[in-house]
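Student:
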Amino acid sequence: MTDETIYQEQKKLVLARFNTINPELKIMLGNIGNLSIKDLINHVQQDDDFGKKIVRAQISMLKVLTSE
Amino acid sequence: MKHFLITRPYHDRPTSYLHSFSRAIVTIARAELNLRVSELEGIKAQRKNLEVALSTKDPTFVFLNGHGDEESVWGNKDKVLLDRKNIHLTANMIVYALACKSLVSLGKESILSGTRAYVGYRDEYMCVGEVSKSSVPDKDKNAAPFRKVNHILIYALLTGTKVSIAIERAKKEYVKLIKTYGSSEDDPFGDAPAIRFALSWDLLGLDVAGDKSATF
Chain F
659 MTDETIYQEQ KKLVLARFNT INPELKIMLG NIGNLSIKDL INHVQQDDDF
709 GKKIVRAQIS MLKVLTSE
Chain X
11 MKHFLITRPY HDRPTSYLHS FSRAIVTIAR AELNLRVSEL EGIKAQRKNL
61 EVALSTKDPT FVFLNGHGDE ESVWGNKDKV LLDRKNIHLT ANMIVYALAC
111 KSLVSLGKES ILSGTRAYVG YRDEYMCVGE VSKSSVPDKD KNAAPFRKVN
161 HILIYALLTG TKVSIAIERA KKEYVKLIKT YGSSEDDPFG DAPAIRFALS
211 WDLLGLDVAG DKSATF
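First to last, the sequence lines map onto chains F and X.
Every position in the first sequence, counted from 1, becomes a number in our numbering once 658 is added.
Every position in the second sequence, counted from 1, becomes a number in our numbering once 10 is added.
1. Answer with buried or exposed for residue 112/X, where buried requires no fewer than 16 other C-beta atoms within 10 angstroms of its C-beta.
2. Report yes if the C-beta distance between residue 149/X and residue 183/X is below 8 angstroms; otherwise report no.
3. Which term fits residue 17/X, buried or exposed, when burial requires 16 or more other beta carbons within 10 angstroms of its beta carbon?
4. According to DSSP, is residue 48/X part of a helix, a strand, or is it coil?
5. Does the distance between the C-beta of residue 225/X and the nearest non-hydrogen atom of the ligand HEM fall short of 7 angstroms?
6. Just verifying my parser: in three-state terms, what is the DSSP assignment at residue 73/X?
7. Rounded to a whole number of angstroms, what is the C-alpha to C-alpha distance between residue 34/X and residue 667/F?
8. Is it true that the CB of residue 15/X sits closer than 8 angstroms to the CB of residue 67/X?
9. What are the boundary residues of the alpha helix (DSSP H) that includes residue 665/F?
10. Compare the beta carbon distance of residue 695/F and residue 204/X with 8 angstroms and say whether it is the shorter of the two.
11. For the pair the stretch 37-44 of chain X and the stretch 698-711 of chain F, tell me if three or more CB-CB distances fall below 8 angstroms.
12. With a threshold of 16 other CB atoms inside 10 Å of the CB of residue 726/F, please say whether the residue is buried or exposed.
13. By the criterion of Cβ-Cβ separation under 9 angstroms, what are the contact partners of residue 709/F in chain X?
14. In whole angstroms, what separates the C-alpha of residue 103/X from that of residue 130/X?
15. How about residue 648/F and residue 138/X: do their beta carbons lie closer than 8 angstroms?
16. Contact defined as beta carbons within less than 8 angstroms: I believe residue 219/X pairs with residue 117/X. What is the distance between those atoms, to the nearest angstrom?
17. Going straight from the alpha carbon of residue 26/X to that of residue 147/X, what length do you get?
18. Measure the C-alpha to C-alpha separation of residue 128/X and residue 163/X and round it to an integer number of angstroms.
19. Please look up how many angstroms separate the CB atoms of residue 69/X and residue 48/X, rounded, as I've assumed it's under 8 angstroms.
20. Residues of chain X with CB closer than 8 angstroms to the CB of residue 716/F, please, in chain order.
21. Per DSSP, what kind of secondary structure is residue 199/X in: helix, strand or coil?
22. Using alpha carbons as the reference points, say which of 174/X, 124/X, 91/X and 210/X lies closest to residue 187/X.
23. Can you name the start and end residues of the alpha helix (DSSP H) that residue 686/F belongs to?
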């Protein structure tokens, strides 16, 4: 499995999880201001740099949740 | 007597939350830790005031709260407080910047200018508040885990814990909260998945430049 394939799978997983959260919930992100879950989903879907960081953090969270 | 300098602007929602997070440590620093505290709060969080405090009051620990970017940390109304032009004033001090991204460039620059250790975030600092516009930072349950980690870190640093161990304690608390946050009691609105995500984001971003064994 290539890195790109793994990333695409991770992205699907992240989007599936975000789709279970209240889309209007706001996250305060320093200078950027308030971002809704809907905004986070858009960044992930657009594959921009911020979206890639979101995927990385969400996968890191899942690793923490599944570690002992 | 050890000297602790803190900046606490509160001109918008994010800085109001940081201002709230640091309220307890100011009280503890004065009343329990017997530190000399210089507090640049609200409109006093200005570059000129910071430079005077750093130059004349000889603090050995500096805690900056506010917005920022890779090259600077900001104060009241997002005016630059600290950047490469005045970072030399923090020589021989420990700096903790609860601000976005400043570890990336300013943190490195500070060490070259003689700062002992610069604790900060590589990325934006993320926090989740309650959706209600009337929510007050002091009473916001969604923000409680972010407040808690920050308090653990700053308390450890102010009580003379090595920088590396203080960061380790904060990271352990991030992990603990990611694993445990979300019972019905502490998550009345079902916001836990977003809170755990934001905690993971902050966990990845927290780090230090300089001497990891530095102590206050």
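Glycine included, C-beta positions come from ideal geometry on N, C-alpha and C.
Tutor: On the basis of the data shown:
1. In the second sequence, counting from the first residue as 1, residue 112/X sits at position 102. A residue is called buried when at least 16 other Cβ atoms come within 10 angstroms of its Cβ; residue 112/X meets this threshold and is buried.
2. Counting from one through the second sequence, the residue named residue 149/X turns up at place 139. Counting from one through the second sequence, the residue named residue 183/X turns up at place 173. Result no, Cβ atoms of residue 149/X and residue 183/X do not sit closer than 8 angstroms.
3. Your numbering for residue 17/X matches position 7 in the second sequence. Per the 10 Å Cβ criterion, buried.
4. As a working mapping, residue 48/X is identified with position 38 in the second sequence. Look at residue 48/X here: in three-state DSSP terms it is strand.
5. Absence of the ligand HEM is noted for the structure shown, with no ligands found whatsoever.
6. In the second sequence, counting from the first residue as 1, residue 73/X sits at position 63. DSSP places residue 73/X in strand when its eight states are reduced to three.
7. Residue numbering aside, residue 34/X sits at position 24 when the second sequence is read from its first letter. Residue numbering aside, residue 667/F sits at position 9 when the first sequence is read from its first letter. Residue 34/X and residue 667/F: Cα-Cα distance of roughly 43 angstroms.
8. Within the second sequence, residue 67/X is the residue found at index 57, counting from 1. Within the second sequence, residue 15/X is the residue found at index 5, counting from 1. Yes; because the gap between Cβ atoms is below 8 angstroms, this pair is in contact.
9. Here residue 665/F corresponds to residue number 7 of the first sequence, with the count starting at 1. Residue 665/F -> alpha helix (DSSP H) spans 661-676.
10. Taking the first residue of the first sequence as 1, we reach residue 695/F at position 37. Taking the first residue of the second sequence as 1, we reach residue 204/X at position 194. Taking C-beta atoms as the reference points, residue 695/F and residue 204/X count as a pair closer than 8 angstroms.
11. Because the criterion of three Cβ pairs below 8 angstroms is not met, the stretch 37-44 of chain X and the stretch 698-711 of chain F do not touch.
12. Within the first sequence, the letter at position 68 stands for residue 726/F. By the neighbour-count rule (16 or more Cβ atoms within 10 Å), residue 726/F is not buried but exposed.
13. Working through the first sequence from its first residue, we reach residue 709/F at position 51. For residue 709/F, there are no neighbours in chain X by C-beta distance under 9 angstroms, as the nearest C-beta there is about 13 angstroms away.
14. Position 93 of the second sequence, counted from the start, is the residue given in the question as residue 103/X. Position 120 of the second sequence, counted from the start, is the residue given in the question as residue 130/X. Straight-line Cα distance between these residues: approximately 14 angstroms.
15. Not covered by the structure: residue 648/F. The range shown for chain F is 659 to 726.
16. Stepping through the second sequence from its first residue, residue 219/X is reached at position 209. Stepping through the second sequence from its first residue, residue 117/X is reached at position 107. About 4 angstroms separates the Cβ atoms of residue 219/X and residue 117/X, confirming a contact at the 8 angstroms cut-off.
17. Residue numbering aside, residue 26/X sits at position 16 when the second sequence is read from its first letter. Residue numbering aside, residue 147/X sits at position 137 when the second sequence is read from its first letter. C-alpha of residue 26/X to C-alpha of residue 147/X: approximately 7 angstroms in a straight line.
18. For the purposes of this step, residue 128/X is taken as the residue at position 118 of the second sequence. For the purposes of this step, residue 163/X is taken as the residue at position 153 of the second sequence. Near 13 angstroms, if we compare the C-alpha coordinates of residue 163/X and residue 128/X.
19. What you label residue 69/X is simply residue 59 of the second sequence in a count that begins at 1. What you label residue 48/X is simply residue 38 of the second sequence in a count that begins at 1. In this structure residue 69/X touches residue 48/X by the C-beta definition: roughly 6 angstroms separates them, less than 8 angstroms.
20. Residue 716/F sits at position 58 when you count from the first residue of the first sequence. Simply 207 and 210.
21. For the purposes of this step, residue 199/X is taken as the residue at position 189 of the second sequence. Reduced to three states, the DSSP call for residue 199/X is coil.
22. On the second sequence, residue 187/X is found 177 positions in, with the first residue counted as 1. Among 174/X, 124/X, 91/X and 210/X, the Cα nearest to that of residue 187/X belongs to 210/X.
23. Within the first sequence, numbered from 1, the residue matching residue 686/F stands at position 28. Under the DSSP assignment, residue 686/F falls outside any alpha helix (DSSP H), being part of the beta strand (DSSP E) whose first and last residues are 684-687.
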